[in-house]
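Notes follow the structure.
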Amino acid sequence: MTEQMNTDEKIIYEAKDVSFTYPKGRRQILDSVSLVLKKGEILSVLGANGAGKTTLLNCMAGLLKPDHGSIELCGRNTKEMTAKEIAGKTAYVPQLHTPAFDYKVGDFVLMGRAPKKGTFESPGEEDKKIASKVLKEMGIEHLSDRSYIEISGGERQQALIARAMVQEPEVILFDEPTAHLDFGNQHRVLDMIRKMTSEGFAIVITTHNPDHALMLGGKTAIIDSKGKMTQGKASEILTEERLSGIYDTDIRLIYIEEIDRKVCVMPDF
Amino acid sequence: MKKQFFLWKADTGWLFDKEEDLGIKKKRETQEKRREPADGGLFYYYAIQNFYFVYNVNDMDTRKGLVTNIIFFAVLLCLMALCLGVGKYSLNIFGEMSDMDINMLLGVRLPRVLAAVFVGAALSLAGAVYQGVFKNPLVSPEFLGISTGACVGAAVAILMSFSAIFIQAFAFLGGISAVTLTLLIPKALKSSSNIMLVLAGIIVGGAMSSVLGFIKYIADPETQLASITYWQMGSFAYVDMNSLLYVLPFAIAAAFLILAMSWWVDILSLGENEAQMLGVSVGVMRGVFIVCATVLTASAVCIAGTIGWVGLVIPHLCRMIVGPANRVLLPSACFLGGIFLLTVDTATRLIGPAEMPISILTGIIGAPFYAWLLYRQRSRLR
């Protein structure tokens, strides 16, 4: 039934046969990767270190141009779109980093309004209202006067997410949003991401933790070391053999009754 | 003010456990204390409050920034009036003046004061822009080799006996080639670290100094050598109104373009990928900023040669006073740069029997400041 409904939903991203090799790179990072992402859908991308998760994300974001194949964003080829047009629909939450200057969190979040602004414009009252509304909804308005460098990693991740929300996109790409976060913050960020899908955002997230893909549900894609991508429903695609294969470690999926889902563990340790 | 305190005390959100929460509250309490006006800051405090009623700007930061900039501007104007009067030959500019006094004022003092203010403003603005778009707080027009490059350009034009307008154009070309070279080095080495860009600036600056040395070596010692040496040394002693008028229009146009786009420096300072993901055509916009900042640097060099440290120190000082947001920072860098260089230049006029080269004083102030800056940012430099 839900499958039926999903087919009516608007297609946000459609990648066809995307291949990518870095200039002078020794191997193909992405090999004929195709995917479809609809409104309200979530796609978790798994893969070993260097498998091409971030490369895929960067191709979708238009930061990298695929050597072959096309990526369409809301029906238009990203190659023909300007940075501004892409940013109007896609928000990118990069990995945690420290900027060179200690902007206040409020100012930092306000930068998400950039795609809506002309060259000689800067954010006005209206934009500030949108930003403070997002901060309030996320429960982090108390951070808005603090320096982005001073706050903790978890708070910084939230500020990045807030900036993406302020952009008012259709789709949000997360590059390892749980990396560098402690256990509790990982959970909170995942919870937030799940809430966002129910609000209608399409979401792509890369992660090193298969459990996260299981927790988020939705679609899962696995990129192997040859650049091939396998995808499907999280519960179907994540099997012990497949996970053991890509991480080159013995991995078990064990059903736990109390939480009514499978968890991913490494038995021979 | 009250309202903001309320918000701070409101729900702290879901990301904190209790202990963290307490820590944050403590921190916030100290912040609140800091915001309350101390005796000395009372004027400042009321100025900000009043500004709210007069202009209905209800955002504390913007208000604070605007008021700070207005105060800077007022200080600059008062200082200019003062500096027109003082000197080895003192003028009473508000009283009656003889013809000679007026000649002195319009022919010598006024160009000199204007030039000092303008060069200070141009170098500080350029420095702040370079720091922003290269997302590197350690760079400045001198440290990127741009000032020396502009100097080489000017020297070549003098060598070929070109007119003033060509000296300006050549200075710009020299500056833009220097900045291009400086940017190419980290790219060729595939390194984007802060230190690499500074090293590249040292390489290019060093090379440009050698070229300058060579030009001086082949220059006509009777006429050209003196004027080239003057460019290089940096001085306001021989500024006249005409040379100012050649340079100012370009520089003012560049400054206005930068100030009109100042918010985008914030975005560019996040780095190439992030800026692009926020919808910026990074190449074009960064190019515009670099060209404008280089026009400013070249103009400053055309007027007074290379004057060190201003473009590095003032943007940092401003960031400490008004914060890093470029919409406020860039104008305040202009004003404070003007104040700084005008003060220093007036000091060189007053100290000692003969005039001291201005770079000596800027160096005495700038070098320890740079060391202190490195110390403060030691954890963030890798």
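Protein sequences appear in the order of chains A and B.
Numbering-wise, the first sequence is residues 5 to 273 according to this note's numbering.
Numbering-wise, the second sequence is residues 4 to 385 according to this note's numbering.
Just so it is clear, CB atoms sit at the ideal spot from N, CA and C, and this is done for glycine as well.
Fair warning: this is a prediction, and the values are worked out from it, not measured in the lab.
Between the alpha carbons of residue 87 of chain A and residue 280 of chain B lies a distance of about 7 Å. The beta carbon of residue 370 of chain B is closer than 8 Å to those of 312 in its chain, skipping five residues each way along the sequence. For secondary structure counted as the beta strand (DSSP E) over 3 or more consecutive residues, the region 32 to 114 of chain A holds these complete runs in sequence order: 34 to 42, 46 to 51, 72 to 77, 94 to 97. In the structure shown, the three-state DSSP call for residue 232 of chain A is coil. When rounded, the separation of the alpha-carbon atoms in residue 129 of chain A and residue 283 of chain B is 22 Å. In this structure, residue 265 of chain B places its C-beta atom within 8 Å of the C-beta atom of residue 330 of chain B. As computed with DSSP, residue 201 of chain A is found in no beta bridge at all. The closest CA to that of residue 41 of chain A, considering only A:248, A:235, A:264, A:69, is found on A:235.
Runs of the alpha helix (DSSP H) lying entirely within the region 203 to 246 of chain B, each at least 4 residues long, are 227 to 236 in chain order. As the crow flies, the alpha-carbon of residue 79 of chain A is around 49 Å from that of residue 206 of chain B. Within the region 130 to 198 of chain B, the complete alpha helix (DSSP H) runs of at least 4 residues fall at 149 to 162, 167 to 191.
Beta-bridge partners of residue 225 of chain A (DSSP): A:49, A:235. Taking C-beta atoms as the reference points, residue 47 of chain A and residue 223 of chain A count as a pair closer than 8 Å. Contact between the region 185 to 198 of chain B and the region 212 to 232 of chain B is absent: fewer than 3 CB-CB pairs across the two stretches fall below 8 Å. Residue range 15 to 24 is occupied by the beta strand (DSSP E) that includes residue 22 of chain A.
Scanning chain A for C-beta atoms nearer than 8 Å to the C-beta of residue 273 of chain B yields 103, 115, reported in chain order. In chain order, 264, 267, 288 make up the part of chain B whose C-beta sits under 8 Å from the C-beta of residue 123 of chain A. Distance from the CA atom of residue 139 of chain A to the CA atom of residue 213 of chain A, rounded to whole angstroms, is 28 Å. Of B:327, B:368, B:356, the smallest CA-CA separation from residue 92 of chain B is found for B:356. Residue environment for residue 145 of chain B: buried (at least 16 other C-beta atoms within 10 angstroms of its C-beta).
At a cut-off of 8 Å, the C-beta of residue 28 of chain A has no neighbouring C-beta in chain B. With a threshold of 16 other beta carbon atoms within 10 Å, residue 197 of chain B meets it and is buried. For the region 124 to 143 of chain B, the set of residues with a beta-carbon nearer than 9 Å to any beta-carbon of chain A comprises 134, 135, 137, 138, 139, 140, in chain order. Non-local beta-carbon contacts of residue 88 of chain B in its own chain, meaning distances under 6 Å to residues more than five positions away in sequence, involve 94, 96 in chain order. Per DSSP, reduced to three states, the secondary structure at residue 269 of chain A is strand. Scanning B:235, B:339, B:353, B:366 for the CA closest to the CA of residue 77 of chain B turns up B:339. The C-beta distance from residue 285 of chain B to residue 278 of chain B rounds to 5 Å, short enough to meet the 8 Å contact threshold.
Linking residue 245 of chain B to residue 358 of chain B through their CA atoms gives a straight-line distance of about 23 Å.
Take residue 115 of chain A, set aside five residues on each side of it, and the residues of its chain with a beta-carbon closer than 7 Å to its own are 167, in chain order. Looking at the DSSP output, residue 177 of chain A shares a beta bridge with A:96, A:208. Rounded to the nearest whole angstrom, the CA to CA distance from residue 80 of chain B to residue 117 of chain B is 11 Å. For the region 193 to 212 of chain A, the beta-carbon criterion of a distance under 7 Å to any beta-carbon of chain B is satisfied by none of its residues. If you look at residue 165 of chain A, you'll find it in the alpha helix (DSSP H) that goes 157 to 170.
Between the alpha carbons of residue 26 of chain A and residue 55 of chain A lies a gap of roughly 13 Å.
Note on residue 234 of chain B: 16 or more other CB atoms within 10 angstroms of its CB, so buried under the neighbour-count rule. Between the beta-carbon of residue 109 of chain A and that of residue 181 of chain A there is about 17 Å, and that puts the pair past the 8 Å contact cut.
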